[in-house]
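Read top to bottom, the protein sequences are chains A and B.
Residue numbering for the first sequence is 11 to 564, as defined by the numbering used here.
Residue numbering for the second sequence is 8 to 209, as defined by the numbering used here.
Working notes, structure below.
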Amino acid sequence: MEVNLRDPKILMKLSKLGSFHQSKLSFLRSFLNEFRDWEYRRDLFKLNQNGYGRVVYSFSKNNRTYSLICFANEIKDDERSDRVIATKWDAAFTLHDGVPTDHDIDRLANEVPKQEVGRLSYKELTLSRANKSLRLFNYVVDCLSNGQQPDVNKLSKVGYLYRTTAVYGSGKFGLADRFRIKNRDEILGPFRLEMMLVYLVRQFTFDQVNHIAKNRNPGLAVQLDPNICRNLGIGNSTGLGMAPFIVNHPELLNNWILARETALKKIRQIEKVSNKDFNIFKDCLIKSLRNVTSWHTESEFQNNKIKSLLDDLEKFIEFLNKSSLENKPFLFNEIYSWIENNLDDECIEYIVSMMMEPYDKIVNPLLKNMSADEELNFNIPIDRTVEELRNIIEQNYSDILKIDFSKNENNQNFWFISKNKEEPRLADRYKDHGSDLEQPLAIARDIKKLYEILFISKNSLTIGKFLMKHNEFRHVVRRAFITEKFPYAEIQDNTIGSNLMPIDMLRLKLSFFGALKFDPRSNKWLRICMFQGAPLPNELKSFDSHWVYNSLNS
Amino acid sequence: MRSFSEIETAVKRATRGMGFSWGVAEEVGKNIRLLEMFGLPGFKNINQYFKVLTNQEFEKISTISTINNSKSLYCPITMGLNFFDQSIHLKDADNIQINNLGFPLLFIPFVSRTSEIIGKRIFLKIDNKEFLFNFNQAVYSNYLSGDIVEKSEKNELKFMENNNLFSEEEWSELYKLSEDTFVEETDELKQSAAGAGLIDND
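Structure follows, in structure tokens:
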């Protein structure tokens with residue numbers, strides 16, 4: 011049966027991309043699968059009675075070791091901030107390539123807590139920091155030190171003991187460049203080392219809370235129940251820093267989306283879906299409802315989406331119950347056709363993610379295609395012609411070409427890099443200063459300008475000669491040729507319009523990370539939870555691959 | 008130590024800050040990363056070039072010919088971009104001369120990348136410094152200094168023909184040795200080992 015990949019012009023709209031959910035393709039899930047047979051160790055645990063000091067964890071296999079070095083620091087309550095302007099954090103972390111020497115740890119103790127103003131070396135792979143959840147951390151310590159387990163319902167409202175506020179990699183602040191490690195099989199999937207860092211930080215939060223409780227009341231304290239630990243993840247507070255990433259890495263974006271779309275297509279093409287596989291799908295779907303009902307946010311935008319999701323899931327379950335789908339040929343295609351016609355994007359994408367659950371054989375081979383060697387397509391094909399480039403734009407950007415950029419509302423925003431933190435920001439072009447230093451993220455506007463010039467240029471002119479007069483379009487000429495090879499490389503929306511919701515861009519990326527419980531705090535930053543429900547490091551050798559849906563939340 | 012990623016990002020932003028377009032800035036960022044990876048002092052040279060550029064006019068070439076003369080120094084970025092962009096038209100020339108090039112090391116990565124896209128080795132002589140670019144995979148050079156080179160009077164480019172660097176005789180000699188890994192086939196083996204029948208024209 012012929013099933014087409016979904017149309018990029020529909021799929022790559024921001025409102026659609028902002029409805030994506032975690033799936034089997036998500037990086038934190040593929041990280042756990044990859045490292046399930048690695049040896050986990052806690053190599054060093056030197057915390058004082060209040061939980062401040064140094065801890066080292068590692069994963070090893072054959073001759074390779076990755077070590078997470080944690081520095082837990084005492085800070086005042088009024089110094090604690092999730093915002094990128096913060097300069098102190100409860101804990102700071104780096105993932106070291108190999109086994110760190112004492113000298114390495116001393117060197118890093120001077121640099122890692124400083125984060126962006128510290129200097130790392132090529133021996134370090136990722137860098138992060140995190141703050142305690144004021145709502146939970148001390149409460150859990152109090153409970154444990156009094157010999158009691160904390161209330162699961164109270165924990166589920168937050169979902170984590172610590173929240174990371176940034177995770178850096180790929181050469182930032184002196185960290186190892188990607189090329190140094192890119193050929194290692196175990197990290198072929200994107201962001202795998204960032205996932206490792208976050209995962210081990212989660213274990214640190216449990217070890218620290220147990221340690222403090224034990225020191226506070228040695229005779230009575232109990233350890234946090236492993237079932238409760240498993241139900242806690244790591245929070246993350248994320249701002250606009252993530253948004254430009256998906257614009258600046260078009261091939262990578264394509265490869266993520268293409269993997270998802272290829273999985274969906276192959277699943278829709280299965281003629282005979284076994285009862286076992288259909289039951290896995292239904293089972294995950296039903297269990298996952300607890301993740302939705304325990305999804306708390308004060309954001310009206312997100313609450314509307316959650317309500318729509320729950321309403322649609324109810325409709326969908328009713329459809330499943332009434333339709334006697336078992337043994338129908340192309341069952342998942344039937345389901346997909348129904349959801350596309352009857353449900354909203356939030357639920358459509360939820361069910362698409364769920365459809366992957368039974369199909370390791372389809373999903374796993376796609377994981378290795380989710381990285382990108384972006385150098386390969388950097389050079390502009392100068393021997394191509396103006397006519398060819400114009401055709402590519404007409405084909406791949408037809409909706410973009412319809413946007414009227416003479417209207418202020420379509421030019422409302424501009425992206426810039428802040429001087430004090432070197433982080434991306436979004437401002438109003440007509441109210442705020444700085445638009446003369448705009449970043450090249452207004453792709454739709456620039457593509458349209460390029461198209462207008464191409465329209466009055468000679469068809470047979472080579473791109474090399476075209477650029478002699480129009481180098482100001484070089485960045486979008488390069489992109490347009492990239493979209494010719496990579497259909498899902500471009501967001502099919504205006505990233506500077508007045509109705510832009512930047513959190514849609516964040517959510518797209520975070521869904522591929524495997525985040526749950528998107529909690530927008532404004533239209534420019536949000537909180538999420540990662541690894542909630544995941545096996546603990548000492549359980550990795552054997553765990554349920556559908557762990558995401560095994561929540562204890564009510 | 009600064010990572011190559013930091014170098015690329017800083018140079019890209021600085022190039023834009025100097026007034027070049029974003030697309031050009033992307034190219035220069037990649038180029039300086041490439042120079043540094045090749046062990047050549049790209050960062051130092053671009054830094055000095057931008058310092059000089061604030062007070063000095065450089066000639067911005069448009070169309071590149073076989074002989075290019077200028078009284079003032081050519082801008083290495085514009086020269087490099089145009090060399091890259093026009094390389095499909097230039098590659099058949101025997102020799103290209105560029106007289107009076109500012110900061111010639113900044114021109115190098117454009118030539119290296121051109122070697123890759125046209126599929127030819129390119130020889131570049133910057134005064135007495137020689138460079139051979141091998142499809143952007145490697146650079147052979149007699150220049151190993153980490154200095155800033157502010158200008159070069161005479162620059163010569165040659166597109167090398169895609170010839171092997173050995174003779175047919177040398178090929179035969181070595182190929183003969185490779186035959187020592189082959190098995191002499193008996194008539195029986197000819198029939199059984201190939202998989203197909205001997206009659207393959209029916």
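We treat Cβ as the ideally placed atom computed from N, Cα and C, and that holds for glycine.
Do residue i and residue j have their C-beta atoms closer together than 7 Å?
i	j	result
Met-22(A)	Pro-200(A)	no
Phe-329(A)	Met-205(A)	no
Asn-264(A)	Phe-496(A)	yes
Gly-87(B)	Phe-117(B)	yes
Phe-515(A)	Asn-533(A)	Residue identity differs from the one stated: residue 515(A) is Met in this sequence, not Phe. Cβ atoms of Met-515(A) and Asn-533(A): not closer than 7 Å.
Lys-98(A)	Ile-115(A)	no
Leu-210(A)	Met-540(A)	no
Ser-247(A)	Arg-517(A)	no
Phe-138(B)	Leu-131(B)	yes
Gln-218(A)	Gly-61(A)	yes
Met-366(A)	Ala-273(A)	yes
Lys-458(A)	Leu-526(A)	no
Tyr-360(A)	His-31(A)	yes
Ile-403(A)	Asn-504(A)	no
Thr-175(A)	Asp-92(A)	yes
Leu-27(A)	Pro-254(A)	no
Leu-130(A)	Phe-55(A)	no
Val-232(A)	Leu-154(A)	yes
Val-18(B)	Gly-36(B)	yes
Buried or exposed: where does residue i fall if 16 or more other Cβ atoms within 10 Å of its Cβ makes it buried?
i	result
Arg-194(A)	exposed
Gly-204(B)	Model confidence at Gly-204(B) stands at a pLDDT of 48, short of 50, so the residue's coordinates are unreliable; what they give is reported in the following sentence. Exposed, by the Cβ-count rule.
Asp-100(A)	buried
Phe-173(B)	exposed
Trp-266(A)	buried
Tyr-440(A)	exposed
Lys-429(A)	exposed
Val-252(A)	Here the sequence assigns Met to residue 252(A), which means Val is not the residue at that position. Met-252(A) is buried by the Cβ-count criterion.
Ile-262(A)	According to the sequence as given, residue 262(A) is Leu; it is not Ile. That one is buried.
Asp-154(B)	exposed
His-443(A)	exposed
Glu-121(A)	buried
Arg-145(A)	exposed
Phe-476(A)	buried
Pro-236(A)	exposed
Asn-89(B)	buried
Asn-75(B)	buried
Asn-423(A)	buried
Asp-529(A)	buried
Asn-420(A)	buried
Taking Cβ-Cβ distances shorter than 9 Å, what residues in chain A pair up with residue i?
i	result
Leu-88(B)	Leu-477, Met-478, Asn-481 and Arg-484
Counting along the chain, where does the alpha helix (DSSP H) carrying residue i start and finish?
i	result
Gly-153(B)	From DSSP, Gly-153(B) is part of no alpha helix (DSSP H); its letter is neither H nor E.
Gly-36(B)	29 to 45
Gln-32(A)	Here Gln-32(A) belongs to no alpha helix (DSSP H), and DSSP marks it neither H nor E.
Val-150(A)	147 to 155
Phe-255(A)	253 to 258
Cβ closer than 7 Å: which chain B residues qualify as neighbours of residue i?
i	result
Asp-187(A)	Ser-10, Phe-11 and Ser-12
Kindly list, in the order they appear in chain B, the residues whose Cβ is closer than 8 Å to that of residue i.
i	result
Lys-182(A)	Ser-10, Ser-12 and Glu-13
Between which two residues does the beta strand (DSSP E) harbouring residue i extend?
i	result
Pro-434(A)	434 to 438
Gly-63(A)	63 to 71
Asn-193(A)	No beta strand (DSSP E) contains Asn-193(A), which DSSP labels as neither H nor E.
Tyr-461(A)	Here Tyr-461(A) belongs to no beta strand (DSSP E); instead the alpha helix (DSSP H) covers 453 to 465.
What does residue i reach in chain A if we use C-beta pairs closer than 7 Å?
i	result
Ser-69(B)	Met-478
Gln-93(B)	Gly-474
Glu-33(B)	His-485
Ile-124(B)	Asn-389
Please decide whether residue i counts as near chain D, where near means a Cβ-Cβ distance under 7 Å.
i	result
Ile-115(B)	Protein chains A and B are contained in the structure displayed, whereas chain D is not.
Whose Cβ in chain A lies nearer than 8 Å to the Cβ of residue i?
i	result
Arg-120(B)	Asn-389
What does residue i reach in chain B if we use C-beta pairs closer than 9 Å?
i	result
Asp-53(A)	Neighbours of Asp-53(A) on chain B: none; closest Cβ ~26 Å, over 9 Å.
- Does the region 299 to 314 of chain A touch the region 337 to 349 of chain A, meaning 3 or more C-beta pairs lie closer than 8 Å? Taking a cut-off of 8 Å on C-beta distances, the region 337 to 349 of chain A does not touch the region 299 to 314 of chain A, as fewer than three cross pairs fall below it.
- Item | the region 177 to 184 of chain B contacting the region 92 to 101 of chain B, beta-carbon criterion three pairs below 8 Å | Pairwise C-beta distances place the region 177 to 184 of chain B out of contact with the region 92 to 101 of chain B, as fewer than three of them are shorter than 8 Å.
- Any chance the region 462 to 479 of chain A sits against the region 234 to 249 of chain A, with 3 or more Cβ pairs inside 8 Å? Per the Cβ contact rule, the region 462 to 479 of chain A is not in contact with the region 234 to 249 of chain A (fewer than 3 Cβ pairs under 8 Å).
- Query: With a cut-off of 8 Å, do at least 3 Cβ pairs link the region 378 to 392 of chain A to the region 289 to 307 of chain A?
  - Reply: With a cut-off of 8 Å, the region 289 to 307 of chain A and the region 378 to 392 of chain A do not count as touching, because too few Cβ pairs lie within range.
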